[in-house]
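What follows is one structure encoded as structure tokens, with my remarks underneath.
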Amino acid sequence: MGRQRSFQPDMIDSLLIRSANWIGDAVMSTPAVRAIGKTFANATISMLAKPLVAPVFENSPHVDRMVVYADNDRHHGFAGKLRLAGELRREQYDAALLLQNAFEAAFITAMARIPVRIGYTTDARRLLLTHPVKNPKLYKQGHHVDYYLGILQGMGMEADREPLFLDAGAENRGRAEQILADQGMADRPLLGLSPGATFGPAKQWHPERYAAVADRLCAEGDWGVMLLGGPGDRAISEVIAEKMSVTAVNLCGRTTVGEAMALVERCGLFVTNDSGLMHVAAAFDVPLVAVFGSTDPVATGPLGTRSRVVRVDVPCSPCLKPECPEGHFDCMNRITADMVVAAAGEVLAADMPLRNA
């Protein structure tokens, strides 16, 4: 099943890309998706993505068709995966390129009998790939953007690093404007806060310090403050809103992913943990301050030209753990509100100085 087969990219008429499963990873893969489009210039490109990340690609000029992997519905469980494989088989794709690293991605495309299957040799799936690529993380460290580009490079194809690409789409932007109008913030500069982190609490900066930063910034300008994230971020965002002296709108879990993307695009400043929405803001080149503790900005730092990372160098960081193994969260405790306000001052436009930065 894993026998190498010769092929030329310009002879591929239909290509399936298997997306990464998390918003941040999906955004970081957009330069690779652009490069795939250039390499497979004659192909119709379909993107197989779970509902959470599908909005990242729905308005991409580098993707011709979206295929939703409904893992909580008709594609749930082993029977669902076989059903998905059957659906893909009927499409008769010439090739599949797997940005997602799990065994499951290779299994589904192999069961779909896609003749060319390209991907990293992660998760014991080498024999399911016709064109396995050695995982570069085994021998070098770099940004995740380069990790995704490395799949093409490992095949001897050109894959230059270009900027992140994201388009929220006119429909999502329209709904975002209506949300802002409903909240009385349509004509105000927007300060976005994203205090959640799916990976675990080690990535989350303290809510009282988010509140302090927002209050400091609002003392210097007429910011409309939004808290953005998923349903799991709602509780910590409520704590932040309660601790603030000014009013903040908690939209966590109350928007679609596409609407959240459009709201981030409208922000004049975005303050966040290492999160999926951090990468969304970086892709839109929104002025951005990212607080890093347990994770590594070399690997997952924001790539926007107006992005700043606030981090304190402690011996145990980056530990890449979801929870602090020492129990003291030193990497986050040492990051003060003053540091984040100062970083905000660096990225804000010259016509909006921060006297306290």
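Take the sequence shown: its letters are residues 4 to 360, numbered as in our numbering. Ideal placement from N, C-alpha and C gives every residue a C-beta, glycine not left out.
- For T303, the enclosing alpha helix (DSSP H) begins and ends at P300 to T303.
- Between L196 and V228, the C-beta gap is smaller than 8 Å, which places the two residues in contact.
- By the Cβ test, the region 176-188 is not in contact with the region 300-314, since fewer than three Cβ pairs between them sit closer than 8 Å.
- Burial is judged here by how many other beta carbons sit within 10 angstroms of a residue's own beta carbon; Q11 has fewer than 16 and is exposed.
- If one requires a minimum length of 4 residues, the alpha helix (DSSP H) runs lying completely within the region 164-222 are 173-185, in chain order.
- Around R191, the same chain offers D225, W226 and G227 as residues with beta carbons nearer than 8 Å, after the five sequence neighbours per side are excluded.
- Of the residues assessed, M14 falls on the exposed side of the cut-off, its CB having fewer than 16 other CB atoms within 10 angstroms.
- Rounded to the nearest whole angstrom, the C-alpha separation of A171 and P58 is 8 Å.
- With respect to the C-alpha of R212, the residue from A222, A184, A205 and P198 having the closest C-alpha is P198.
- Spatial neighbours of A286 in its own chain (CB-CB distance under 6 Å, excluding positions within 5 residues in sequence) are listed in chain order as V30, L167 and L169.
- Excluding residues up to 5 positions away in sequence, A99, T112, L132 and T133 lie with their Cβ nearer than 6 Å to the Cβ of R120 in the same chain.
- The shortest CA-to-CA distance from D126 to any of A105, P139 and D288 is the one to A105.
- When rounded, the separation of the alpha-carbon atoms in L351 and V292 is 10 Å.
- Within the DSSP secondary-structure output, M247 pairs in no beta bridge.
- The three-state reading of DSSP puts S297 in coil, since its state is none of H, G, I, E or B.
- Around the beta-carbon of R21, 16 or more other beta-carbon atoms lie within 10 Å, marking it buried.
- Per DSSP, reduced to three states, the secondary structure at G227 is strand.
- Bounds of the alpha helix (DSSP H) holding G348 are A340 to V350.
- Measuring C-alpha to C-alpha distances from E174 to each of G40, D288 and M264 identifies M264 as the nearest.
- Short of 7 Å from the beta carbon of L87, and not among the five residues preceding or following it, lie these beta carbons of its own chain, in chain order: Y72, H78 and I111.
- Here L194 is near L220, since their CB atoms are less than 8 Å apart.
- The DSSP-derived three-state label of Y151 is helix.
- DSSP places N336 inside the alpha helix (DSSP H), whose first and last residues are D333 to N336.
- The C-alpha of N24 is placed about 16 Å away from the C-alpha of D76.
- In the structure shown, R257 adopts coil according to DSSP, grouped into three states.
- In this structure D74 is not in contact with I48, their Cβ atoms being roughly 22 Å apart against a cut-off of 8 Å.
- Residue L231 holds the alpha-carbon nearest to the alpha-carbon of V283 among L231, H146 and K246.
- Here the alpha carbon of G27 sits roughly 7 Å from the alpha carbon of S278.
- Excluding five sequence positions before and after H65, the CB atoms of its chain that fall closer than 6 Å to its own CB belong to V36, R37 and G40, given in chain order.
- The Cβ atoms of P34 and L155 lie no closer than 8 Å to each other.
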